[in-house]
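S.K.: Each protein sequence line maps, in turn, to chains A and B. Using our numbering, read the first sequence as starting at 1 and increasing by one per residue. Using our numbering, read the second sequence as starting at 308 and increasing by one per residue. Ideal Cβ positions, reconstructed from N, Cα and C, are used throughout, including at glycine. Handing you a structure now.
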Amino acid sequence: MKTRKRNFWFNGDKVFMGISYVALALVFVLTLYPMIFVLSASFSDPGAVSSGEMVLFPKEFTLEGYRYILKYNEIWLGYANTIFYTLVGTFINLAVTLPAAYALSRKELVGRNLILFLFMFTMYFSGGLIPSYLNANSFGLVNTRTFVLINGAVSVYNLIVARTFFSSTIPEQLHEAARIDGADMFKDFFKIVLPLSKPVIVVLALYYGVGHWNEYFTSMIYLAKRREAWPLQLFLKEILIQGQFAESALMAGGLSTEEIAYLFKQADTANMVKYGVIVVSVVPMLAIYPWLQKYFAQGVMLGAVKE
Amino acid sequence: MRALKKGNAKRVWSLLLVLALALSLAACGGEKTPSEGDGNDPGGSEGGEGSAYYNETGYPICDEPITLTMMCVTTGNPDLNDRIMVSEIEKRFGIKLDITGYASAEEFQTQLNLAMTTGDLPDLIAPCNAITMGQMREYAEDGYALALDEYADLMPNMQALMEEYPEYEKYATADDGHIYGLNSIEVNEFGRVDRVYINNQWLENVGMEVPTSVDELYEVLCAFRDQDANGNGDPNDEIPFDYAASNYYDDYMLLAAFGLNTKDANYILTEGEDGTVGFGNASENYKAYLKYMKKLYEEGLINRECYVTTEDQRNENVAKDRTGFFGAAAPFVSAGQDISYDAGFSWVGGLTSEYNDQRTVPMTNTLSEGIVMFVNAETEYPEAAVRFLDYWFSEEGEVAAQRGWEGVTMDYEYNEILKGDVATLYCPEGYESSEDYKLNKALVVGPFSYCSRTYGTHYRLLSTASDEVMQSEEVLDAYGWAVLVGNGLRQDGIVEEEVFPRLVYTEDESSRRVSLYNDLTTYIAAQRAEFITNPDVDIDASWDEYLAQLDQIGLPELLELEQAAYDRYNGN
Numbered sequence: 001m002k003t004r005k006r007n008f009w010f011n012g013d014k015v016f017m018g019i020s021y022v023a024l025a026l027v028f029v030l031t032l033y034p035m036i037f038v039l040s041a042s043f044s045d046p047g048a049v050s051s052g053e054m055v056l057f058p059k060e061f062t063l064e065g066y067r068y069i070l071k072y073n074e075i076w077l078g079y080a081n082t083i084f085y086t087l088v089g090t091f092i093n094l095a096v097t098l099p100a101a102y103a104l105s106r107k108e109l110v111g112r113n114l115i116l117f118l119f120m121f122t123m124y125f126s127g128g129l130i131p132s133y134l135n136a137n138s139f140g141l142v143n144t145r146t147f148v149l150i151n152g153a154v155s156v157y158n159l160i161v162a163r164t165f166f167s168s169t170i171p172e173q174l175h176e177a178a179r180i181d182g183a184d185m186f187k188d189f190f191k192i193v194l195p196l197s198k199p200v201i202v203v204l205a206l207y208y209g210v211g212h213w214n215e216y217f218t219s220m221i222y223l224a225k226r227r228e229a230w231p232l233q234l235f236l237k238e239i240l241i242q243g244q245f246a247e248s249a250l251m252a253g254g255l256s257t258e259e260i261a262y263l264f265k266q267a268d269t270a271n272m273v274k275y276g277v278i279v280v281s282v283v284p285m286l287a288i289y290p291w292l293q294k295y296f297a298q299g300v301m302l303g304a305v306k307e
Numbered sequence: 308m309r310a311l312k313k314g315n316a317k318r319v320w321s322l323l324l325v326l327a328l329a330l331s332l333a334a335c336g337g338e339k340t341p342s343e344g345d346g347n348d349p350g351g352s353e354g355g356e357g358s359a360y361y362n363e364t365g366y367p368i369c370d371e372p373i374t375l376t377m378m379c380v381t382t383g384n385p386d387l388n389d390r391i392m393v394s395e396i397e398k399r400f401g402i403k404l405d406i407t408g409y410a411s412a413e414e415f416q417t418q419l420n421l422a423m424t425t426g427d428l429p430d431l432i433a434p435c436n437a438i439t440m441g442q443m444r445e446y447a448e449d450g451y452a453l454a455l456d457e458y459a460d461l462m463p464n465m466q467a468l469m470e471e472y473p474e475y476e477k478y479a480t481a482d483d484g485h486i487y488g489l490n491s492i493e494v495n496e497f498g499r500v501d502r503v504y505i506n507n508q509w510l511e512n513v514g515m516e517v518p519t520s521v522d523e524l525y526e527v528l529c530a531f532r533d534q535d536a537n538g539n540g541d542p543n544d545e546i547p548f549d550y551a552a553s554n555y556y557d558d559y560m561l562l563a564a565f566g567l568n569t570k571d572a573n574y575i576l577t578e579g580e581d582g583t584v585g586f587g588n589a590s591e592n593y594k595a596y597l598k599y600m601k602k603l604y605e606e607g608l609i610n611r612e613c614y615v616t617t618e619d620q621r622n623e624n625v626a627k628d629r630t631g632f633f634g635a636a637a638p639f640v641s642a643g644q645d646i647s648y649d650a651g652f653s654w655v656g657g658l659t660s661e662y663n664d665q666r667t668v669p670m671t672n673t674l675s676e677g678i679v680m681f682v683n684a685e686t687e688y689p690e691a692a693v694r695f696l697d698y699w700f701s702e703e704g705e706v707a708a709q710r711g712w713e714g715v716t717m718d719y720e721y722n723e724i725l726k727g728d729v730a731t732l733y734c735p736e737g738y739e740s741s742e743d744y745k746l747n748k749a750l751v752v753g754p755f756s757y758c759s760r761t762y763g764t765h766y767r768l769l770s771t772a773s774d775e776v777m778q779s780e781e782v783l784d785a786y787g788w789a790v791l792v793g794n795g796l797r798q799d800g801i802v803e804e805e806v807f808p809r810l811v812y813t814e815d816e817s818s819r820r821v822s823l824y825n826d827l828t829t830y831i832a833a834q835r836a837e838f839i840t841n842p843d844v845d846i847d848a849s850w851d852e853y854l855a856q857l858d859q860i861g862l863p864e865l866l867e868l869e870q871a872a873y874d875r876y877n878g879n
């Protein structure tokens, strides 16, 4: 009895599994809690949230926040812009990253190590904000949607992921066979490589897409004068700032009491709206993830069963 | 089947690629137009440069409308070009404003730096206090700012203001003798007094009066703690003193009670009899203040979490009647109530202590520390720009900056209680209040309101109203906190005292001062919290160590620098 029990408990696999489950459960709670908090807060009275009375589930249930969001036109304008940037931007990303990765994965490309080195150099060193801005300005790209779309079109990290995928999962023989059957490089890329690379395409699309969806700094700097082109995140940021503005304005002074009273009211609204906006802005990404999950799994499998 | 699918995929891909290229090219082409338009601007104006494009006196400033670009920090919606004020300015002055607003000071600062490096600096730059005098000095040195004093002839209203308030000229003039940026000036006493309130109902419930000394305050707070001051049946849910712990009204009021008049609790400069500059945070008075605060904290009279609470939580405490004594803009603001809510409170100030037997109320500097507005040195229209800025120094301009123009966004309404005219903003349908209308439709708030001399406001009437009117219930219900403050200041024996003046530093001094000041105030703030909240720290025992640390951070150098600036200030 005793030995059986010991075996049961000290079985290596079981210990490993046990620790894994505990660790995963912890991570699960850590990631889930903020989401539930935001969701609950979006349905709660802002006073209850800011005073810390709302811990997990909605307190003083209200739909005021969402009602306000529905009426707040700029949120929907931002939404439309973000969807535009995400779809078109991701498409541009893929359209430049995949061919580049393919070219860099081919041994026939002369000087590919040098090119890759130049790419990687930019991962570690960049000109910084002001030179980049001057550059964009001299191309006439400041305050244009184009800049937001093409800025950072190639992420070197993603480029390397794709290159590694191409060179490790697609056997050389396949390219050779295609060549012998008369395919040129383009045909090889479009007919052989791309159809075999769905998993990596999906993964890259997701990386890029989420990047576009969450992006705000570039737009903040480069779209300062084009409010109608702002993505959702900038409007969200504005709402969050409004929530804090009354406080900082109060401390800085210089405002009349009537203005302060109004700003506090505005802050109340902002506090009410902000969690709702976060929910609204996150839902599309959450909705897409499960659909793409199978490709993630497939990607892992593809790597494993190869050879 | 499968092959067909692959073929489709390929076709789709190549199609999309082509589309992407076409799209990005089209986008490039399409978006270039506005920048080309910008390019035309200077060309168009060159023609006007030779002849006088502006009138030296009277309005409009320009018969042929010109465009001035402007960047500013703003409250509310930063989309400013459709404000009534902008079209009114075009009508009145022949100046079409093209404004880019930024919702935060940080964003403004980033864009200002970018604008300077790209050479796209607009004609008017309105940081609305987001940049300091030191930065202004640097920008001037780099040639970005127009010297306004060279156009003094075109600025009669500014000159009149400087004659009336010489401190304005003293502070605004840089050490090279030029005025580059405009500061704001506020001479409204209601806005310059620390606002600390005590709940009348709580006082009544414990049977006490509004305190006039630190000892009385201590007793009142003890009574708040021990009794059921808010009358809800629970004697233990009261926070006697909801301390903001953030360099705020309540600190200034208490520091003044110990003889330290300041509006910066972490950097208190004092003026000795012989014109020497002293440092309040190293004085015996400050030590006594710390001991007093420590006593309040240890006896549970101060909110335990004071160093981590937010303004929202403090407001919530007022709204839920959990606190009886606090600093705030006004009780009604904190509670989110109507202004008549203020009637249930009294103003507290001018406390005495063994260090100070005179009931003193420190008055905030009339001048803002930061810059509200400056003009691009490279502007095409310097004369029109300075004439435009000068307008807001006038009486009409001051009212316009805050309420707009009569018959456009406001009307002068006769106030029965105060027997005078008050400029009253409209509140058209669709706006929840006149403030909403003002901030989101009527005005561009911030850039032009550099003068606050109470023209057209009820403050002007309140400060001259008779005691009888001030004591009446209707005026209290209508004007709330301002009446509390006004009546507080009218008590016998209250003396208003100016705090240490703002000084002008040279460029070297200013850059050295910034880093020393930051190090020193950071240490002092942290040490203040430590002294007050840490029961293991004995203030007397650690005092010498504290003073030594101040010296080590560079207090002597800093004071030397302040002394030099102060001597210059007095010498002028």
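1. Nearest CA to the CA of B:G607: which residue from B:N543, B:M462, B:S647?
2. Counting only the same chain and skipping the five closest in sequence on each side, list residues whose C-beta sits under 7 Å from that of A:V279.
3. Taking all protein chains shown into account, do 16 or more other C-beta atoms lie within 10 angstroms of the C-beta of B:E867, making it buried, or fewer, making it exposed?
4. Whole angstroms are fine: how far does the CA of B:S491 sit from the CA of B:K477?
5. Taking C-beta to C-beta, are B:L428 and B:E685 nearer than 8 Å?
6. Determine, for B:L468, whether the minimum Cβ-Cβ distance to residues of chain A falls below 8 Å.
7. Does A:N11 come out as helix, strand or coil in the three-state DSSP assignment?
8. Mapping DSSP to helix, strand and coil, what is B:D718?
9. What are the boundary residues of the alpha helix (DSSP H) that B:C529 is part of?
10. In chain order, what residues of the same chain have a beta carbon less than 8 Å from the beta carbon of B:G587, not counting five sequence neighbours either side?
11. Tell me whether A:Y289 is buried or exposed, calling it buried when 16 or more other Cβ atoms sit within 10 Å of its Cβ.
12. Mind checking if A:R179 is an interface residue toward chain B, Cβ cutoff 8 Å exclusive?
13. State yes or no: is the beta carbon of A:E258 nearer than 8 Å to at least one beta carbon in chain B?
14. My parser needs the alpha helix (DSSP H) runs of 4 or more residues fully inside the segment 414 to 494 of chain B; what are they?
15. Starting from A:W76, trace the alpha helix (DSSP H) in both directions and tell me its first and last residue.
16. Measure the alpha-carbon distance for A:L118 versus A:G127 and round it to whole angstroms.
17. Is any beta-carbon of chain A found at less than 8 Å from that of B:T686?
18. Taking just the CA atoms, how far does B:T583 sit from B:R875?
19. Going by the beta-carbon positions, is the gap between B:F695 and B:I391 smaller than 8 Å?
20. In the DSSP assignment, what residue or residues form a beta bridge with B:G727?
21. Assess contact between the segment 210 to 222 of chain A and the segment 141 to 152 of chain A, defined as three or more Cβ pairs (one per stretch) separated by less than 8 Å. Is contact present?
22. Assuming B:S653 is part of the beta strand (DSSP E), what are its boundary residues?
23. Between B:A691 and B:I402, how many whole angstroms is the CB-CB distance? I'm expecting something under 8 Å.
24. Using a Cβ-Cβ distance cut-off of 8 Å, determine whether A:D45 contacts chain B.
25. Strictly below 7 Å CB to CB, what residues from chain B border A:E60?
26. Closer than 7 Å by beta-carbon distance: list the chain A residues that pair up with B:S411, in chain order.
27. Please confirm whether A:K313 has its beta-carbon closer than 8 Å to some beta-carbon of chain B.
28. Should B:W699 and B:F755 be called a contact, given that it needs their Cβ atoms to be closer than 8 Å?
29. Hey, would you say B:R666 sits closer than 8 Å to B:G800, going by beta carbons?
30. Where does A:M272 land, buried or exposed, given buried means 16+ other C-beta within 10 angstroms?
31. So what's B:S779 in DSSP terms, helix, strand or just coil?
32. Please classify B:R797: is it buried, with 16 or more other beta-carbons within 10 angstroms of its beta-carbon, or exposed?
33. Give the interface partners of B:Q416 over in chain A, defined as CB-CB distance under 9 Å, in chain order.
34. May I ask you to list the residues that DSSP assigns as paired with B:P669?
35. Would you please state the rounded distance, in angstroms, between the beta carbons of B:L732 and B:S741? I believe it to be under 8 Å.
36. Using a Cβ-Cβ cut-off of 6 Å (strictly less than) and excluding sequence neighbours within five positions of B:N622, which residues of its own chain qualify?
M.R.: In short:
1. Along the second sequence, one-based indexing puts residue 607 of chain B at 300. Cα-wise, what sits closest to B:G607 is B:N543.
2. For the purposes of this step, residue 279 of chain A is taken as residue 279 along the first sequence, with counting starting at 1. If we look at A:V279 and ignore the five residues flanking it on each side, its Cβ neighbours are V38, L39, S42.
3. Translated into the one-based positions of the second sequence, residue 867 of chain B becomes position 560. Under this definition B:E867 is an exposed residue.
4. By one-based count along the second sequence, residue 477 of chain B stands at place 170. By one-based count along the second sequence, residue 491 of chain B stands at place 184. The alpha-carbon atoms of B:K477 and B:S491 are separated by roughly 13 Å.
5. Translated into the one-based positions of the second sequence, residue 428 of chain B becomes position 121. Translated into the one-based positions of the second sequence, residue 685 of chain B becomes position 378. Their beta carbons are under 8 Å apart, which means B:L428 touches B:E685 by this criterion.
6. As a first step, residue 468 of chain B is located in the second sequence; it is residue number 161 there, counting from the start. No, its Cβ sits nowhere closer than 8 Å to a Cβ of chain A.
7. Within the first sequence, numbered from 1, the residue matching residue 11 of chain A stands at position 11. If DSSP states are grouped into helix, strand and coil, A:N11 belongs with coil.
8. Taking the first residue of the second sequence as 1, we reach residue 718 of chain B at position 411. B:D718: strand per DSSP, three-state reduction.
9. Residue mapping note: residue 529 of chain B aligns to position 222 of the second sequence, counting from 1. Run containing B:C529: 521 to 533, per the alpha helix (DSSP H) assignment.
10. Stepping through the second sequence from its first residue, residue 587 of chain B is reached at position 280. The residues are L562, L567, T569, I575, L576, T577, Y593.
11. Here residue 289 of chain A corresponds to residue number 289 of the first sequence, with the count starting at 1. By the neighbour-count rule (16 or more Cβ atoms within 10 Å), A:Y289 is not buried but exposed.
12. Residue 179 of chain A sits at position 179 when you count from the first residue of the first sequence. Chain B, which has no Cβ nearer than 8 Å to the Cβ of A:R179, makes this no.
13. In the first sequence, the residue the question calls residue 258 of chain A occupies position 258. Yes, A:E258 lies at the interface with chain B (some Cβ there is under 8 Å from its Cβ).
14. 440 to 448, 463 to 471, 473 to 479
15. Working through the first sequence from its first residue, we reach residue 76 of chain A at position 76. First-last of the alpha helix (DSSP H) with A:W76: 73 to 105.
16. The sequence position of residue 118 of chain A within the first sequence is 118, counting from 1. The sequence position of residue 127 of chain A within the first sequence is 127, counting from 1. Each residue's alpha carbon lies about 14 Å from the other.
17. One-based indexing of the second sequence puts residue 686 of chain B at position 379. B:T686 does not count as touching chain A.
18. Counting from 1 along the second sequence, the entry for residue 875 of chain B is found at position 568. Counting from 1 along the second sequence, the entry for residue 583 of chain B is found at position 276. So the alpha carbons of these two residues sit roughly 12 Å apart.
19. As a working note, residue 695 of chain B is residue 388 in the second sequence. As a working note, residue 391 of chain B is residue 84 in the second sequence. No.
20. Within the second sequence, numbered from 1, the residue matching residue 727 of chain B stands at position 420. According to DSSP, B:G727 bridges with B:N722.
21. yes
22. Within the second sequence, the letter at position 346 stands for residue 653 of chain B. B:S653 -> beta strand (DSSP E) spans 652 to 654.
23. Counting from 1 along the second sequence, the entry for residue 691 of chain B is found at position 384. Counting from 1 along the second sequence, the entry for residue 402 of chain B is found at position 95. Yes, they are in contact, since the Cβ atoms of B:A691 and B:I402 sit about 6 Å apart, within 8 Å.
24. Within the first sequence, the letter at position 45 stands for residue 45 of chain A. Closer than 8 Å: no.
25. For this step, residue 60 of chain A is matched to residue 60 along the first sequence. Those do not exist, as A:E60 stays about 13 Å from chain B at its closest Cβ, beyond 7 Å.
26. On the second sequence, position 104 is the one that residue 411 of chain B refers to. I241, listed in chain order.
27. Lying before the first or after the last residue shown, residue 313 of chain A is absent from chain A, which here runs from 1 to 307.
28. Position 392 of the second sequence, counted from the first residue, corresponds to residue 699 of chain B. Position 448 of the second sequence, counted from the first residue, corresponds to residue 755 of chain B. In contact: B:W699 and B:F755 (Cβ atoms closer than 8 Å).
29. As a position in the second sequence, residue 666 of chain B is number 359, starting the count at 1. As a position in the second sequence, residue 800 of chain B is number 493, starting the count at 1. A contact, by the Cβ cut-off of 8 Å.
30. For the purposes of this step, residue 272 of chain A is taken as residue 272 along the first sequence, with counting starting at 1. By the neighbour-count rule (16 or more Cβ atoms within 10 Å), A:M272 is buried.
31. As a first step, residue 779 of chain B is located in the second sequence; it is residue number 472 there, counting from the start. Three-state result, B:S779: coil.
32. Sequence index remark: in the second sequence, residue 797 of chain B carries index 490 (1-based). The residue is exposed, with fewer than 16 neighbouring Cβ atoms inside 10 Å.
33. Start at 1 with the first residue of the second sequence, and residue 416 of chain B comes out as number 109. Ordered by position in chain A, no residue passes the 9 Å Cβ test against B:Q416, which lies about 12 Å from the chain.
34. Mapped onto the second sequence, residue 669 of chain B falls at position 362. B:P669 pairs with B:E804.
35. On the second sequence, position 425 is the one that residue 732 of chain B refers to. On the second sequence, position 434 is the one that residue 741 of chain B refers to. The pair is a contact, with the Cβ atoms about 4 Å apart (cut-off 8 Å).
36. Locating residue 622 of chain B in the second sequence gives position 315, where the first residue counts as 1. Hits under 6 Å: S641.
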